[in-house]
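Numbering (the numbering used here), first residue to last: 7 to 344. C-beta atoms are modelled at their ideal positions from N, C-alpha and C, and glycine is treated no differently.
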Ligand code: UDP
Ligand code: MG
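Here you go:
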């Protein structure tokens with residue numbers, strides 16, 4: 007028996023939702039069917055990420071002391087919605103999962119068992135991504151490889167956001183103030199004792215995926231540039247290499263001239279070299295620009311999300327202020343309560 011198993015586990019399930027009117031009731035029914043037999047005191051924190059359908063109505067219908075509903079003032083994206091949910095989750099353990107049942111609630115008893123045995127982070131490992139298209143599988147694999155090669159933070163190649171975190175981990179994550187939020191990296195950054203539970207990713211229970219390849223590309227760039235400075239360092243090496251190559255070429259030209267040999271001629275090769283070097287320079291400026299735009303966003307320190315409704319009767323607009331962990335006085339008060 008560990009010390010942890012002696013305390014009353016309280017679980018918060020944080021669920022971002024965007025245009026998911028059909029999925030909400032199915033999700034709640036399934037979650038209750040899985041968690042009730044466990045005898046765990048749990049709450050669900052839904053974050054309506056600016057839905058344009060009647061998702062907010064569906065959430066109101068489901069509202070209970072156990073089901074808390076937050077509403078953002080517009081669509082801020084899943085990463086911001088998750089951040090809001092973590093700010094308001096009160097549990098000693100917090101699970102983040104999607105509403106479409108692609109993250110199976112059936113795994114939660116095993117997550118809880120491992121947590122009670124002393125594991126701080128339990129994530130669902132996708133052992134089979136058959137429900138994704140081949141193109142999505144390939145892009146995901148390539149991205150994870152590139153990320154892990156470039157970044158000091160390691161993210162497991164088979165992990166999504168679906169995971170259980172101990173309160174200690176959640177508090178570290180809440181203390182990370184960055185505006186540009188790549189959640190897979192942010193959730194992996196704290197470390198702690200980690201275990202995984204394999205599962206087969208199923209197709210969506212209802213509705214459509216909210217991701218276009220364009221937003222996945224933007225998310226991927228966010229991940230790479232927020233968690234690694236190596237792309238900046240490359241230009242120093244590349245510049246040195248170019249200078250070395252240019253110097254060798256010049257030396258060769260001088261030696262040939264000294265020997266009275268004909269100068270190498272060629273307008274075409276000269277033009278080729280100029281165009282390639284111009285491209286390298288523009289690329290370098292582009293990479294610097296990627297970092298600069300992120301510095302610009304961080305310096306402005308705008309709120310990560312704006313809350314339109316925090317689910318309490320006296321719902322007022324509350325804004326997560328700069329600094330990362332002063333989301334609302336209510337969240338602060340609720341933090342230590344069971
Ligand atoms: N989601 C969100 N805001 C968005 C896009 C998605 O809160 O702007 C939610 C969505 O409702 C779902 C989860 O994030 O609960 C995962 O979205 P989706 O199933 O579309 O992603 P996929 O499983 O295709 O990666
Ligand atoms: Mg999904």
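Simplified DSSP assignment, three categories, for residue i
i	result
residue 230	helix
residue 189	helix
residue 318	coil
residue 198	coil
residue 165	strand
residue 361	Nothing can be reported for residue 361, as the shown portion of the chain is limited to 7 through 344.
residue 139	coil
residue 12	Residue placement at residue 12 cannot be trusted, given a pLDDT of 40 that sits under 50; what the coordinates show is reported in the next sentence. Helix, per DSSP.
residue 323	Any reading at residue 323 needs caution, since the residue's pLDDT is 46, under 50, leaving its predicted position unreliable; the model's value is listed next. Residue state, collapsed to three classes: coil.
residue 18	strand
residue 237	helix
residue 49	strand
residue 243	helix
residue 42	helix
residue 70	strand
residue 206	strand
residue 88	helix
residue 27	coil
residue 78	strand
residue 93	helix
residue 265	coil
residue 54	strand
C-beta contact flag for residue i and residue j at 8 Å
i	j	result
residue 89	residue 47	no
residue 231	residue 300	yes
residue 130	residue 104	no
residue 54	residue 76	yes
residue 244	residue 286	yes
residue 237	residue 289	no
residue 95	residue 20	yes
residue 239	residue 132	no
residue 128	residue 169	yes
residue 92	residue 311	no
residue 199	residue 106	no
residue 111	residue 44	no
residue 99	residue 173	yes
residue 68	residue 34	yes
residue 23	residue 57	yes
residue 191	residue 226	no
Residue i beta carbon near ligand 1 (any heavy atom closer than 7 Å)
i	result
residue 124	no
residue 231	no
residue 26	yes
residue 22	yes
residue 91	no
residue 55	yes
residue 45	no
residue 84	yes
residue 87	yes
residue 154	no
Residue i beta carbon near ligand 4 (any heavy atom closer than 7 Å)
i	result
residue 309	Ligands in the displayed structure: ligand 1 and ligand 2; ligand 4 is not one of them.
Problem set entry | Chain-ordered list of residues that sit, by beta carbon, closer than 6 Å to a heavy atom of ligand 2 | 104, 106, 108, 210, 215
Problem set entry | Continuous beta strand (DSSP E) assignments of at least 3 residues falling wholly in the region 99-133 | 99-102
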